[in-house]
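A short write-up of the structure that comes next.
Numbering (the working numbering), first residue to last: 35 to 400.
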C-alpha cells in the first residue's frame, strides 16, 4: 500500500497484523529436530488433557487448540504431545516485539504470537506497508527461526482477515479500493469478531456473507446483536475506525462453545467447559493479567440464556482456583429440564498481575 496524492491528504492508515504460524508448536519443533515434520500438539496427553496448540502437520488431521487431548489422539493416532514451556514462548515473543519496535511505537499485542502495527508514519520512513511487513517477517525468521504471516490493510479488521489468506509463511494485502467488495464476498463465519454462535445466529437470520450483512439496517443489527450491531454495520462496509492501541489491557476475556448435541447432565457439561476454562486462563497467563470475577454463560435448546457470576476477594491465582469457581457455578444450574446447547466462560475487570505474586499454574487438566 503506497501513498497516492489522495492518501496523503486523507492520511489513509496502514495497519499490519502479524501472526506467528502455529507458534507454540513451531517453537517446540525448532528446539527439537526430532519433532520436525511430525504432528505435534502442545498440551497434556492424559485423558483430561487439552490441546493448547497444534502444528500444521497435526491440523491436517483436524486437530486444533482447545480440543480435548483424547479427541485429538483419536483423530491423529501418531500425534506427539509436548508439555508447554511458556517461559520460552514469552522470551521468543519479546524478541519479536523488539523487531516490531524498530518500525513503529504503535504496537498492540493481542497475545504472545500476534499483534497489530500502525505503520502509517513509521520509524524507517518507508512508504509501502507491504515492504515493511516483508522486512519484519524476514527479520523474525532470521532472529528466531520461525515463520510469520502478515495481513496489510487500511484498518484492523481487514488486516486481521488478510493475515489468514496466505498462511503459513505468507502475506496478503487488502487495499481501500478492494476492501468493500472483498468483505461482501466473505462468509460471515470468517469475520474476526463473529464466533461460531454468532455466525449461526446470523445464518438463521439469512445472513451468510458480508453482502447479506451489509443489506441489513443498523437498527436491525442493534435489535438482534445489541452493542455489537454498529461494529457489524461498519465492517460489512469495510469500515473499522478502531485505533491501534499500545499497552492495551482488555476489560474481559471469554470463550464459548456450541455443542453438536444438546447436553442434559453435569458430566458432559463439565467436559465441555474445561477447554474453555483452559483457554481464558491461558490468555491471562501469557499476558500477565488477573481477574476477580468469572461469569458462566448458559444457552438452552430453546435459545433462552442465563448467566451466573462469582466475584472473589483476591484475583484468581491459579487455574485450579478458577476451575473450582466455574465448577460451583455449573453445579447451580443442575438438574435441568431442557437441553444445553452452549456454554461460555468470561473473566472480567482484567488488571495487570502484581509482579511479586507467584507465577500461576498454567495447566490443570494434565
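No residue lacks a Cβ here, since even glycine has one placed at the ideal position from N, Cα and C.
Helix, strand or coil at residue i according to DSSP, with G and I counted as helix
i           : result
residue 294 : strand
residue 54  : strand
residue 395 : Because residue 395 carries a pLDDT of 38, less than 50, the predicted location of this residue cannot be relied on, and the following value inherits that uncertainty. Three-state result, residue 395: coil.
residue 228 : coil
residue 61  : helix
residue 352 : coil
residue 345 : strand
residue 288 : strand
residue 144 : strand
residue 387 : coil
residue 152 : strand
residue 45  : coil
residue 29  : The shown model of the chain, from 35 to 400, leaves out residue 29, and the question about it has no answer.
residue 99  : coil
residue 84  : strand
residue 234 : helix
residue 340 : strand
Residue range of the unbroken beta strand (DSSP E) whose run includes residue i
i           : result
residue 374 : 374-382
residue 93  : It is not in any beta strand (DSSP E) - residue 93 instead sits in the alpha helix (DSSP H) that spans 90-93.
residue 115 : 114-116
residue 185 : 182-187
residue 206 : 205-207
residue 330 : 327-334
Contact belief for residue i with residue j at Cβ below 8 angstroms, rounded distance in angstroms
i           : j           : result
residue 380 : residue 319 : That belief does not hold up - the Cβ atoms of residue 380 and residue 319 are roughly 16 angstroms apart, past 8 angstroms.
residue 170 : residue 137 : 7 angstroms
residue 75  : residue 115 : 5 angstroms
residue 303 : residue 311 : The pair is not a contact, with the Cβ atoms about 12 angstroms apart (cut-off 8 angstroms).
residue 167 : residue 205 : 5 angstroms
residue 260 : residue 213 : With 8 angstroms as the limit, residue 260 and residue 213 do not qualify as a contact, their Cβ atoms being about 26 angstroms apart.
residue 323 : residue 376 : Rounded, the Cβ-Cβ distance is 25 angstroms, inconsistent with contact.
residue 344 : residue 359 : 5 angstroms
residue 51  : residue 194 : 5 angstroms
residue 217 : residue 270 : 6 angstroms
residue 309 : residue 100 : 4 angstroms
residue 96  : residue 109 : 5 angstroms
Start-to-end residues for the alpha helix (DSSP H) that takes in residue i
i           : result
residue 164 : 163-178
residue 76  : Unbroken run through residue 76 is the beta strand (DSSP E), 74-77; no alpha helix (DSSP H).
residue 264 : 263-269
residue 252 : 252-259
residue 121 : 120-134
residue 317 : 300-321
residue 367 : Looking at the DSSP string, residue 367 is not in any alpha helix (DSSP H), and its letter there is neither H nor E.
residue 26  : A query on residue 26 cannot be resolved here, the shown segment of the chain reaching from 35 to 400 and no further.
residue 159 : No alpha helix (DSSP H) contains residue 159, which DSSP labels as neither H nor E.
residue 214 : 213-219
Outcome for residue i when other beta-carbon atoms lying within 10 angstroms are tallied against a minimum of 16
i           : result
residue 215 : exposed
residue 67  : exposed
residue 47  : buried
residue 147 : buried
residue 315 : buried
residue 219 : exposed
residue 313 : buried
residue 341 : exposed
residue 157 : exposed
residue 284 : exposed
residue 368 : exposed
residue 63  : buried
residue 142 : buried
residue 264 : exposed
residue 59  : buried
residue 434 : As displayed, the chain neither begins before 35 nor continues past 400, which places residue 434 out of reach and without an answer.
residue 290 : buried
residue 224 : exposed
residue 91  : buried
residue 53  : buried
residue 362 : exposed
residue 183 : buried
residue 125 : exposed
residue 71  : exposed
residue 43  : Reliability fails at residue 43, whose pLDDT of 40 lies under 50, so the model's placement of it is uncertain and no value is given.
residue 366 : exposed
residue 135 : exposed
residue 179 : exposed
residue 159 : exposed
residue 94  : exposed
residue 295 : exposed
contact_flag[the region 249-256, the region 222-234] where n(CB pairs < 8 angstroms) is 3 or more: For the pair of segments examined, the region 249-256 was found not to touch the region 222-234: the number of CB pairs separated by less than 8 angstroms stays below three.
Three or more C-beta pairs below 8 angstroms linking the region 328-336 and the region 369-384: Yes, since at least three Cβ pairs between the region 328-336 and the region 369-384 fall closer than 8 angstroms, the two stretches touch.
At least 3 beta-carbon pairs within less than 8 angstroms: the region 79-88 vs the region 172-188: No, the region 79-88 is not in contact with the region 172-188.
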